[in-house]
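Residue numbers are given in full-length UniProt numbering: position 21 of the sequence shown equals residue 21, and the series is strictly consecutive. The beta-carbon is built from N, C-alpha and C at its ideal position, and this holds for glycine as well. Below is one structure, written out as structure tokens, with a few remarks after it.
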Amino acid sequence: MTREEMAVMLIRAYSLFIGEELNPAAATPFKDAGEIAPYARSFVDQAVDLGLLKGRGAVEFAPKSALTRAESAQVIVNLLGGLTH
Numbered sequence: 001m002t003r004e005e006m007a008v009m010l011i012r013a014y015s016l017f018i019g020e021e022l023n024p025a026a027a028t029p030f031k032d033a034g035e036i037a038p039y040a041r042s043f044v045d046q047a048v049d050l051g052l053l054k055g056r057g058a059v060e061f062a063p064k065s066a067l068t069r070a071e072s073a074q075v076i077v078n079l080l081g082g083l084t085h
């Protein structure tokens with residue numbers, strides 16, 4: 001699964017749980033933001049804005065890269081933490 005695909009699934013799950021659609025988030029400042037697929041862009045922006053998903057390093061998101069096991073585990077922790085607030 002790619003990082004942009006994870007962002008889409010994450011935000012859909014988060015929205016379903018809270019019972020509402022999220023407001024658009026500010027565009028991500030990553031230098032590779034242009035590589036994010038158009039369908040995933042708003043989801044990535046929201047996931048980063050909510051702190052559910054982070055970039056790789058300070059300047060890249062790596063949208064087409066596969067999610068590592070460590071990143072997957074962190075995403076679950078972040079999502080569960082976000083749902084309890």
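- Message: Going by beta-carbon coordinates alone, are Met6 and Leu53 separated by less than 8 Å?
- Response: For Met6 and Leu53, yes; Cβs fall inside 8 Å.
- Item | Of the listed residues Ala66, Gly55 and Asn78, nearest to Phe30 (C-alpha basis) | Of the listed residues, the one whose Cα sits closest to Phe30 is Gly55.
- Query: So, Asp45 versus Thr28, is the Cβ gap smaller than 8 Å?
  - Reply: Yes, Cβ-Cβ distance for Asp45 and Thr28 is below 8 Å.
- Query: Does DSSP put Ala66 in a helix, in a strand, or in coil?
  - Reply: Residue state, collapsed to three classes: strand.
- Message: Tell me the residue span of the alpha helix (DSSP H) that contains Leu16.
- Response: For Leu16, the enclosing alpha helix (DSSP H) covers residues Arg3 to Ile18.
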